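Contents: one structure, followed by commentary.
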Amino acid sequence: MSDERFILKNARHLAARYMEDILREGDVAVDATMGNGGDTAFLCKLVGKTGHVYAFDVQQEALDRTAARLEEAGMRSRATLILAGHETMRDHVPVSPRVVMFNLGWLPGAEHVVTTKTETTMQAAEAALDLVLPDGFVSICIYPGHEEGARELHALLNWAAGLDVRAYNVLHHDFIAAKAGTPHLILIQKNG
Numbered sequence: 008m009s010d011e012r013f014i015l016k017n018a019r020h021l022a023a024r025y026m027e028d029i030l031r032e033g034d035v036a037v038d039a040t041m042g043n044g045g046d047t048a049f050l051c052k053l054v055g056k057t058g059h060v061y062a063f064d065v066q067q068e069a070l071d072r073t074a075a076r077l078e079e080a081g082m083r084s085r086a087t088l089i090l091a092g093h094e095t096m097r098d099h100v101p102v103s104p105r106v107v108m109f110n111l112g113w114l115p116g117a118e119h120v121v122t123t124k125t126e127t128t129m130q131a132a133e134a135a136l137d138l139v140l141p142d143g144f145v146s147i148c149i150y151p152g153h154e155e156g157a158r159e160l161h162a163l164l165n166w167a168a169g170l171d172v173r174a175y176n177v178l179h180h181d182f183i184a185a186k187a188g189t190p191h192l193i194l195i196q197k198n199g
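Letter by letter, the sequence shown follows residues 8 to 199 in the working numbering.
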């Protein structure tokens, strides 16, 4: 666990704090939305030299940025970067991960033309639950401040609320005293 003082910043920060408590050296993790590689690098650090991270994105620019970031940090060998949609993770992840982490939306610093889509996000969330180890976690940060993000939030909340309570523990973080469109976090633990 981090020695830094706990502060409620945002959904992404909360997800990271959970991951610090969950992941250990040697674990396998999936970054379902590679982006600029921040989460991929963070997960690589947590799983250490004997762990591995599988990271997905549909944009070559995201893969290039992530590869450069990992290379610079000396962690490139800890990750497999996959140029494919997260809905294909069953085809690319050969082992059950401890964690699957989603940070939905678009590539930071790029045009907002390419964004995660509700249909493929739902497929990916189902795949994540199938793949994750018993007692493993699926973390989903959702950004409802744009139209597709609002659709994703609605669909994901309905889906998560309908999960079997005997098979999953489901948590929804929502900052209620915040600006409209503030990110949400859904954290799901698969019961072992």
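Using N, Cα and C, we set each Cβ at its ideal position, and we do this for glycine too. These numbers were taken from a predicted model, which means no experiment stands behind them.
Just to confirm the assignment, what range does the alpha helix (DSSP H) spanning residue i have?
{"i": "M96", "result": "96–99"}
{"i": "Q67", "result": "67–80"}
{"i": "L138", "result": "125–138"}
{"i": "A203", "result": "Since the first residue of the chain shown is 8 and the last is 199, residue 203 is not available in this structure."}
Quick one: what does DSSP say residue i is sitting in, helix, strand or coil?
{"i": "Y25", "result": "helix"}
{"i": "V102", "result": "coil"}
{"i": "T47", "result": "helix"}
{"i": "K186", "result": "coil"}
{"i": "L15", "result": "coil"}
Can you determine whether any heavy atom of the ligand NAP sits closer than 7 angstroms to the C-beta of residue i, and answer yes or no?
{"i": "E154", "result": "For the structure depicted, the ligand NAP is absent and the ligand set is empty, with no information on it obtainable."}
Since residue i and residue j should fall inside the 8 angstroms C-beta cutoff, what is the C-beta to C-beta distance between them, to a whole number of angstroms?
{"i": "V37", "j": "M96", "result": "6 angstroms"}
{"i": "M52", "j": "M82", "result": "Here the sequence assigns Lys to residue 52, which means Met is not the residue at that position. Sure, about 7 angstroms apart at Cβ, within 8 angstroms."}
{"i": "E32", "j": "G58", "result": "6 angstroms"}
{"i": "T47", "j": "L77", "result": "7 angstroms"}
{"i": "H93", "j": "T127", "result": "7 angstroms"}
Assuming contact is defined by CB atoms lying nearer than 8 angstroms, are residue i and residue j in contact in what I supplied?
{"i": "A18", "j": "F63", "result": "no"}
{"i": "V145", "j": "V100", "result": "no"}
{"i": "A167", "j": "I149", "result": "no"}
{"i": "V35", "j": "V102", "result": "yes"}
Considering only C-alpha positions, which residue in the set the options is nearest to residue i?
{"i": "R173", "options": "I29, G112, P141, G152", "result": "P141"}
{"i": "N43", "options": "D28, V60, A23, Q67", "result": "Q67"}
{"i": "D137", "options": "A157, N198, V54", "result": "N198"}
{"i": "H20", "options": "K186, A184, G188, H180", "result": "H180"}
{"i": "E159", "options": "A131, L88, L50", "result": "A131"}
For residue i, decide whether its Cβ has a neighbour in chain D, counting only Cβ atoms nearer than 8 angstroms.
{"i": "L136", "result": "Checking the listed chains, one finds no chain D in this structure; it contains a single protein chain."}
Beta strand (DSSP E) containing residue i: first to last residue?
{"i": "L160", "result": "Counting along the chain, L160 falls outside any beta strand (DSSP E), though it belongs to the alpha helix (DSSP H) covering 154–168."}
{"i": "L88", "result": "86–90"}
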